[in-house]
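Numbering of the sequence shown is given in the numbering used here, commencing with residue 12 and proceeding in unit increments. This report concerns only the one structure given below.
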Amino acid sequence: MNVSFLVGSAIVVMGLAMAFYGVVVGGGRERAALTAVRTALDRWSAAHGLGSPSPLADPAGAAPDDLPHRMERVLLARSGRWSGGALTVVAFVESDEQAEHHFLLVMWEIPGAAAGLPECSNGFRRGRRRWARGCASALGLDEAATLAVEQAAGEVDGSLHASDDRLAVLHYGLPGSALRHGRPDTGRLTALLDSGERLALELVRHARA
Numbered sequence: 012m013n014v015s016f017l018v019g020s021a022i023v024v025m026g027l028a029m030a031f032y033g034v035v036v037g038g039g040r041e042r043a044a045l046t047a048v049r050t051a052l053d054r055w056s057a058a059h060g061l062g063s064p065s066p067l068a069d070p071a072g073a074a075p076d077d078l079p080h081r082m083e084r085v086l087l088a089r090s091g092r093w094s095g096g097a098l099t100v101v102a103f104v105e106s107d108e109q110a111e112h113h114f115l116l117v118m119w120e121i122p123g124a125a126a127g128l129p130e131c132s133n134g135f136r137r138g139r140r141r142w143a144r145g146c147a148s149a150l151g152l153d154e155a156a157t158l159a160v161e162q163a164a165g166e167v168d169g170s171l172h173a174s175d176d177r178l179a180v181l182h183y184g185l186p187g188s189a190l191r192h193g194r195p196d197t198g199r200l201t202a203l204l205d206s207g208e209r210l211a212l213e214l215v216r217h218a219r220a
């Protein structure tokens, strides 16, 4: 039998095996991560006495204008409440030529507080703090209030967006941030909800002052 044929067949079989492994393992991690997101959101809402979040029919319509075209595959979309208004959580996938990238979008309704704020930060702490200083300038805050907003923004693990009376946090890192040793873990997700709430509260409080 031709040696090159055997080598070629072996390569094909190996490629198929790796693809199958990627689908099975990757799909399992994705499902486990979504379980963690649901659990974290349900527990957070219950702990705050805000009831149970419900499915969201149109996640793209709820997202900031620069994000819907990136939502190639929506994995989860939930609508709930926080103390200041509506809370929306969307997990989605964006693909490029090399890989799929998983995001978690958390949106906080901040009535009257988003007007004039910078539209978007990058995902780095320095970028979030710079964004916060822009917010403070738009709101006319003093040094102490500026520092409070800046510290709150620095604690949020994601890029920050403000538009249409909403603060949006775009977190990159699922499923890793929702898993621990391959199993659902809500710790980082709960921290993301807590830090986003603190920033939303700071913006609303100073906008109304």
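No residue lacks a Cβ here, since even glycine has one placed at the ideal position from N, Cα and C. Source: prediction; values computed, not measured.
Inter-residue spacing [alpha-carbon to alpha-carbon] between residue i and residue j
i	j	result
D205	A149	24 Å
H113	A211	24 Å
Q109	A71	24 Å
L78	V180	12 Å
A173	E130	5 Å
D196	G123	35 Å
A126	D175	8 Å
H59	E111	34 Å
T157	G39	43 Å
G145	E213	14 Å
R209	A202	11 Å
L190	A47	7 Å
R49	R199	13 Å
V160	Y183	22 Å
A51	R141	29 Å
S170	V101	15 Å
Among the options, the one whose alpha carbon lies nearest that of residue i
i	options	result
R177	G198, G95, A110	G95
E120	R141, E130, L98	L98
R42	G187, E208, H217, R199	G187
L128	V215, H182, L185	V215
G138	R209, A57, A163	A163
D76	M118, R140, D168, V160	M118
A68	A74, S56, A88, R54	A88
Residue environment, residue i, which counts as buried when at least 16 other CB atoms sit within 10 Å
i	result
A218	buried
S65	exposed
V35	Because V35 carries a pLDDT of 34, less than 50, the predicted location of this residue cannot be relied on, and no value is offered for it.
Y32	Because Y32 sits at a pLDDT of 32, beneath the cut-off of 50, its placement in the model cannot be relied upon, and the point is left open.
D168	buried
G193	exposed
S63	exposed
A74	buried
A57	exposed
Cβ separation of residue i and residue j, assumed to be a contact under 8 Å, to the nearest whole Å
i	j	result
L61	R92	4 Å
Inset, instruction - Would you check if there are 3 or more beta carbon pairs closer than 8 Å linking the segment 123-134 to the segment 100-108? - result: no
Legend entry - Touching by the beta-carbon criterion (3+ pairs, under 8 Å), the segment 153-160 and the segment 81-89: no
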